[in-house]
Structures are given as C-alpha cells and as structure tokens.
Amino acid sequence: MDVVVLSLGGSVLVKDEDPSAYLSELAQALAEVSSNAKLYIVTGGGRIARFYIRAGRALGAAEQSLDMMGIDTTRLNARLVITAMKGHACPEPPRDYEEAVRAGMSYPVVVMGGVAPGVTTDAVSARLAERVGATRLVNATSVDGAYTSDPKKDVCAKRIPRMSHAELVKLVSGTAKGAGPTTVFDPVGAEVLARCRIPLTIVDGRSVRNLKLALEGKDCVGTVVSS
Ligand code: UTP
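Numbering (this note's numbering), first residue to last: 3 to 229.
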C-alpha cells in the first residue's frame, strides 16, 4: 500500500469565505484516496497564523513564542480537517512524529499540525514522510507549482513542470527566516526530501480534482520534484 503525506497549506484551508463546502469536497476526495493509500496530512496555519504572529511581534514577543502561536493555529486547522473527515481520521492531532506513526497503525488517515518551533509545516511533512517511508509527498498550496520567480509579483514567471531535488533546494535556499514566512516549499523540508529522495508534487490545493490526481500519483498540473 502506498504511504502518502500531504502538506495542506493554510493558504488553501483558511479563506475569507466559509471553507465548509471546500472542506467537505476535500474530505470526500481524501477518504477515496485513503482506500488505496495510508494518508498523513499536515495542515498549515495560513492567514490565521500570520495574524497572531504579526500581532505578537508588534507586542514584542520572542520568535519562539511566535512559533508556538503558529503551531497552535496549525493544530486548530488540523481539527477542522478531522471534523470534515467525519470519523475517518484519527480524532486527535498527534503532537509529534512518534504519535503520528502510532496513530497511523490504527487509522487510515492521520491529520496533524506543527510540532516544534523554528520550522514550517512543509518541513514537518518532509520529516514525517522520511519517518513513515512515504511513497510521495504532495504540497497543496495556493499556486499551481514552482515558478522561475514569484508568479504573484512577476508576470513573466514560468511554471517549472519537472525539476530535481537539487534544483528545488537551490530555488528555495535563502528564502525568508523567522516566524511566519511563506515560500513555495520550506528550504528545510526541501533538504530533507533531497536527502531521502522522496518525490514531491507541488499543486494548487484549491482544485480538489487535481489534488486527488497528485495524491494518487497520476498526471496532474503542478511541479514534480524527483531525483
Ligand atoms: P505554516 O506551516 O503554516 O507556515 O506555519 P507558512 O509558511 O505560513 O505556510 P502556509 O502559508 O500555511 O502554507 C505557520 C507558522 O507556525 C510556526 C512557524 O512560525 C510558521 O511560520 N511553526 C509551524 C513552527 O514553529 N513549527 C512547526 O512545526 C510548524
């Protein structure tokens, strides 16, 4: 059976409007994928995390405290996805990798947030992928793949359909550090995947149909990273 890890970006989960319709559609697709694969999902914090981090920073909080606020919001989002899964997923988000592995022995789907200060949930998903020997990792974010430059700022940016792990590491190296950064994939996570040679597919998570194809290892619109 395939073991698939999904890094579900907060930018996909936390939108302005009520996310319940999207979450129901997503949960249905995830349940279908989990009939053929063990599924581990790591939820990001998105806008809600950045809201708390910005306010906490303005109030003079230390980076570690800001990271803990970020982690709490990722766990809150994990609870929302667990709720949408209607009994299909482990009812409590694991607090660390060991708990996630244990939960995976009893449930078809495990949903968790961040685990420790200093990284993002992309890095958590990469470490979890290594720990559970994942067949693939899928990063569901708000852009449809890795681009030559930021497509939200540069109209000439081009999507890169395929790249090597080494190319991804180079692309994301030197991106922002400190609580609350956002990039196509966390540089720490990219290094972990390069080391253990786990393939990564980056897709726009707002298209549930396309995300499902990526989770199933089928052709999809996005960027495939492999060694
Ligand atoms: P995210 O993984 O959501 O970061 O964690 P992000 O870059 O904002 O990603 P998107 O936009 O959701 O895709 C939010 C913040 O929580 C803290 C970090 O400060 C991070 O920036 N965090 C998260 C940790 O410190 N450790 C973790 O394990 C996870």
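From the three backbone atoms N, C-alpha and C, an ideal C-beta is built for every residue, glycine too.
Exposed or buried, which one is residue i when buried takes at least 16 other CB atoms within 10 Å?
i: Cys-158; result: exposed
i: Met-3; result: exposed
i: Met-165; result: buried
i: Ser-1; result: There is simply no residue 1 to check, as the chain begins at 3 and stops at 229 in what is shown.
i: Leu-195; result: buried
i: Ser-22; result: exposed
i: Pro-163; result: exposed
i: Asp-69; result: buried
Less than 7 Å between the C-beta atoms of residue i and residue j, yes or no?
i: Leu-41; j: Val-111; result: yes
i: Gly-47; j: Thr-85; result: no
i: Ser-9; j: Asn-141; result: yes
i: Ser-229; j: Arg-199; result: yes
i: Leu-139; j: Leu-202; result: yes
i: Gly-115; j: Ala-148; result: no
i: Gly-11; j: Thr-225; result: no
i: Pro-96; j: Arg-77; result: no
i: Val-126; j: His-167; result: no
i: Thr-123; j: Val-83; result: no
i: Val-223; j: Asp-146; result: yes
Quick one: give me the first and last residue of the beta strand (DSSP E) that residue i is part of.
i: Ser-37; result: Ser-37 -> no beta strand (DSSP E), and no H or E assigned at all.
i: Ile-204; result: 202-206
i: Val-112; result: 111-114
i: Asp-4; result: 4-10
i: Ser-108; result: Not the beta strand (DSSP E): Ser-108 falls in the alpha helix (DSSP H), residues 99-108.
i: Thr-225; result: 225-228
Are there any heavy atoms of ligand 3 lying less than 6 Å away from the beta-carbon of residue i, as far as the coordinates show?
i: Val-194; result: As for ligand 3, it is missing from this structure, which binds only ligand 1.
Against chain D, does residue i count as a neighbour if the rule is that its beta carbon must be under 7 Å from one of theirs?
i: Asp-221; result: No chain D is present in this structure, which holds just one protein chain.
Could you check where the alpha helix (DSSP H) with residue i kicks off and where it finishes?
i: Arg-138; result: Not the alpha helix (DSSP H): Arg-138 falls in the beta strand (DSSP E), residues 138-143.
i: Asp-20; result: Note, Asp-20: premise wrong, no alpha helix (DSSP H); not H, not E.
i: Met-165; result: Here Met-165 belongs to no alpha helix (DSSP H); instead the beta strand (DSSP E) covers 164-166.
i: Thr-76; result: 65-86
i: Ser-127; result: 123-134
i: Tyr-54; result: 48-60
i: Glu-193; result: 189-198
i: Lys-214; result: 210-217
Q) Taking one C-beta from the segment 95-113 and one from the segment 27-45 each time, how about it: are there three or more such pairs within less than 8 Å? A) The segment 95-113 vs the segment 27-45: in contact.
Q: Answer yes if the segment 53-71 comes into contact with the segment 17-31, meaning at least three C-beta pairs across the two stretches below 8 Å, and no otherwise.
A: no
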